[in-house]
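**Student:**
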Amino acid sequence: MKIKISLIFLLISFNVFSQGEANIWYFGENAGVDFNSGSPVAITNGQLNTFEGCATLSNASGQLLFYTDGITVYNRNHVIMVNGTGLNGHPSSTQSATIVPKPGSTNLFFIFTTDNEHDPNGFRYSIVDMNLDSGNGSVTSDKNVLVYAPT
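In the numbering used here, the protein residues as written are 248 to 398.
1) Alpha carbon to alpha carbon, how far is T360 from S284?
2) Going by other Cβ atoms of all chains shown within 10 Å of its Cβ, with 16 needed for buried, is G351 buried or exposed?
3) Suppose you measure from the CA of V280 to the CA of Y395; what does that come to, to the nearest Å?
4) First and last residue of the beta strand (DSSP E) that includes V329?
5) Taking only runs that begin and end inside the segment 286-311, name each unbroken beta strand (DSSP E) of 3 or more residues, in chain order.
6) Measuring alpha carbon to alpha carbon, tell me which of T353, Q310 and S343 ends up nearest F282.
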C-alpha cells in the first residue's frame, strides 16, 4: 500500500509546473501587487484609474503581459497597446473585463467585457495577439465582437 501511495505522489509531481499567470495585479488608482516573491509587494507603476472591474495577465513565469479596465488595454511596458482603446467594458460594471487564453494557443487571449446593467453594449469580446508589436501585443481586428446584449 505504501508503495502505491508513493508511486502516485511521484507521478503527480511530474505534472507540477509554475502557474504565475496571476502573480501581478493592477487595479484602482495606479496601484498593484506583485506576488512573484511569494509575499505581496506593492507596485505603483500601473496606468489604471478605475473604481471597479479590471483584469491583469502574466505568463507562466509571472512576467506581466498586459492589463485592462475593460476600456483601455496596457502592455507590459505600461503603454496603451496597439488598437487597445475603445473596448466596450463599462467602468461601473461589476467585472468590466476578464482575460481568458484562447484554447490551443499560447499567444492569443480573449478579453471579455460587460457593459453597465441593461446598457446596449452588452457582453463582448476582443482578441489580443501577443506575437504582434514586437511581442508587446496588439488588440486584433476581432474587437468588441458582440456575444449577447443587453446584459
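Don't be surprised by glycine CBs; every beta carbon is placed ideally from N, CA and C.
Only a predicted model underlies this, so the values are computations on that prediction, with no experimental measurement involved.
**Tutor:** Judging by the given coordinates:
1) 31 Å
2) exposed
3) A straight line joining the alpha-carbon of V280 with that of Y395 spans about 33 Å.
4) V329 -> no beta strand (DSSP E), and no H or E assigned at all.
5) 288-290 and 302-305
6) Q310
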